[in-house]
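Remarks on the structure that follows.
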Amino acid sequence: MASSARTASKRCWRPLGAGTTLTAAAEEQLAQWVLDMRKDGVPVTQAMLRVMALEAAIDLGIEDHEFLAGWHWIHGFKRRHGLSLRSRTRIGQDSPDDGVAALEAFSARVRALVLEHDIDLVYNADQTGVNYEYLPTKTLNTAGDKTVWVKCGGKTKERVTAMLLADSNGTKLPLFLVLRTAKSKVEAVVKENLTQRHGFGMTVWQSVEPMQGQNNSQIYGNPTALWNSTISLAFLKFHFGQRADRATKKVLLLWDDFSAHFTDDVVAYAKEINVLLERIPPRYTWICQPADVAWNRPLKCRMRQNWLDLIRRQLRTAKERGRNFKLQPPSRATVVGWIADAWDDLPSTTIVNGFRKCCLVDGEPVEEVVSGGVVDDTVLSELMAASSIEETIDPDGDICNGDDSVGDGTDAFE
């Protein structure tokens, strides 16, 4: 070590890979969590990332002293997953002009495919993570919006992946949801769960199966609540595999550039059932994907409003009974119901508007007002008094990636 100028000043040294750290799968889950939060416009600080990393370590059975999620790990994590500290000026990221150029090229390509293959319907599918531990709160100063991070009864790691699907006529199709569930230690049971119960164990499936019918959705489970190629195949089979004209008529499905959407098996099956898969340009989903442009924001506002209404009811009940307030998280069935109701209530005009804004179909887009899901001063003060506020996060300086929307930096936090 002393003979090298690079290492001469170091007091200790160990080879790469010798330290205890998270598995690749656990890191992938964390990276997906960051992207989902940023997609919602929620700031993600390094402190939040550290908390989530330490919780992931607990799940892996790593002792507290073995993995600290320190600054060096966070730095490496950001480097490995293409993340950086966000600047509101968007320096070094794609410009609005780049986005417009990408949209023009993508729109032209989609319209050419529609003409070439005589396609009547264009579909867009988008997976979005649903978290319910945060609430946006307006501030009166020039700092802009902030986010209140709410203590949620130990449910911080709970999440749902929702795959939205709708067509260019404004028709919304049943949701695919992925929930978190424990994996059996017996390989034969794991296989049985995957083939017969969408990944759930026998006991949990008894409560999950009725939820599918009640909410017109397909519900899958795995330890990370993340989408994978197996669910991609099930998704294509459910929505497109049994259509009457599959042998003679092609449909076009726009999907973002996620590895589980374009594995060899998925692409081969899509070809077999006459579904053309078209990748939405990486880094430009904010302008090229109908779901990101028009659907997700009103959907998430409705979800946050439901969460806020639940908090209000719990606060009122605690007052009426003269008890100390302790925030109780929504149940799995409640969250699934919230997502399904929000999707059902999304107007078909909003769906079509997304395709129009992306220049994928003819017609002028219309401006829509989205409101709701903002915590008021009364609720905020009561949450603070009950020590239910984990952290108030300013949008400046949070973690982001190149897919964040561009511009003056304010639109992501509306």
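Heads up: take any position in the sequence shown, counting from 1, add 1215, and you land on the working numbering.
Where is the CB? At the ideal position from N, CA and C, for every residue including glycine.
### Query
Straight-line CA distance for Pro1545 to Asp1274?
22 Å
### Outcome for Asp1626 when other beta-carbon atoms lying within 10 angstroms are tallied against a minimum of 16
Unreliable positioning characterises Asp1626 in this predicted model, as indicated by a pLDDT of 31, which lies under 50. The coordinate reading is nonetheless provided below. When all chains shown are included, Asp1626 counts as exposed.
### Task
Indicate the three-state DSSP secondary structure (helix, strand or coil) for Trp1522 in the structure shown.
helix
### C-alpha gap between Thr1235 and Pro1562, whole angstroms
49 Å
### DSSP-derived helix/strand/coil call for Ala1601
coil
### Task
Check whether the stretch 1465-1482 touches the stretch 1412-1424, taking contact to mean three or more Cβ pairs, one atom from each stretch, closer than 8 Å.
no
### Message
With a threshold of 8 Å, are at least 3 pairs of Cβ atoms found where one atom belongs to the stretch 1491-1508 and the other to the stretch 1562-1580?
### Response
yes
### Message
Quick test of the definition: if touching needs 3 or more C-beta pairs under 8 Å, does the stretch 1311-1321 touch the stretch 1487-1504?
### Response
yes
### Query
What's the C-alpha gap between Leu1355 and Arg1324?
Unreliable placement is indicated for Leu1355, whose pLDDT of 37 sits below 50; the coordinate value is still reported in the next sentence. Rounded to whole angstroms, Leu1355 to Arg1324 spans 45 Å at the Cα level.
### Three-way DSSP call (helix, strand, coil) for Gly1314 in this model
helix
### Query
Within this structure, are the beta carbons of Ala1440 and Leu1394 separated by less than 7 Å?
yes
### Query
For the 8 Å Cβ check, are there 3 or more pairs between the stretch 1519-1538 and the stretch 1458-1476?
no
### Task
Could you pull out every residue in the same chain whose Cβ sits closer than 8 Å to the Cβ of Leu1392, ignoring the five residues on either side in sequence?
Val1375, Thr1376, Ala1377, Met1378, Ser1432, Gln1433, Ile1434, Tyr1435, Val1551, Ile1554
### Task
Would you tell me roughly how many angstroms separate the C-alpha atoms of Val1337 and Asp1524, rounded to the nearest one?
36 Å
### Task
From the DSSP output, in three-state form, read off Asp1460 for me.
coil
### Message
Taking CB distances under 7 Å as the criterion, tell me whether Asn1511 reaches chain B.
### Response
Going by chain labels, chain B is absent from the structure shown, which holds only one protein chain.
### Message
In this structure, how does DSSP classify Ala1340 when only helix, strand and coil are distinguished?
### Response
strand
### Query
CA-CA distance, Asp1592 and Arg1326?
48 Å
### Query
Distance, Cα to Cα, Pro1311 vs Ile1526?
39 Å
### Query
From Thr1549 to Ile1289, what does the alpha carbon distance come to, in whole angstroms?
34 Å
#### Entry: Backbone secondary structure at Glu1582 - three-state DSSP
coil
### Query
Under a three-way DSSP split, which group does Phe1453 fall into?
helix
### Task
Can you give me the start and stop residues for the alpha helix (DSSP H) that Gly1428 sits inside?
1417-1430
### Task
Kindly give me the distance between the Cβ atoms of Cys1573 and Ser1322, rounded to whole angstroms, as I take these residues to be in contact under 8 Å.
7 Å
### Query
Ends of the alpha helix (DSSP H) at Ala1403?
1402-1411
### At least three beta-carbon pairs within less than 8 Å, the stretch 1278-1286 to the stretch 1448-1463
no
### Query
Is any heavy atom in the ligand SAM found nearer than 6 Å to the beta carbon of His1280?
The ligand SAM is not part of this structure, which contains no ligands at all.
### Message
Please classify Trp1510 as buried or exposed, where buried requires at least 16 other C-beta atoms within 10 Å of its C-beta.
### Response
buried
### Task
Confirm, please, whether the CB-CB distance from Ala1557 to Leu1514 is below 7 Å.
yes
### Query
According to the neighbour-count rule (16 or more other Cβ atoms, all chains shown, within 10 Å of its Cβ), is Val1481 buried or exposed?
buried
### Query
Thr1376 by DSSP, collapsed to three states: which one?
strand
### Nearest-angstrom beta carbon gap, Glu1579 and Arg1571 [assumed within contact, 8 Å]
7 Å
#### Entry: DSSP bridge partner residues for Glu1493 (one or two, in chain order)
Leu1469
#### Entry: Other residues of its chain near Phe1415: CB distance less than 7 Å, five sequence neighbours each side excluded
Thr1396, Asn1408, Val1423, Gly1436
### Query
What number of angstroms, rounded off, separates the C-alpha of Thr1260 from the C-alpha of Arg1412?
37 Å
### Query
Rounded C-beta distance between Arg1519 and Val1585? I'm assuming under 8 Å.
So it is not a contact: roughly 11 Å between Cβ atoms.
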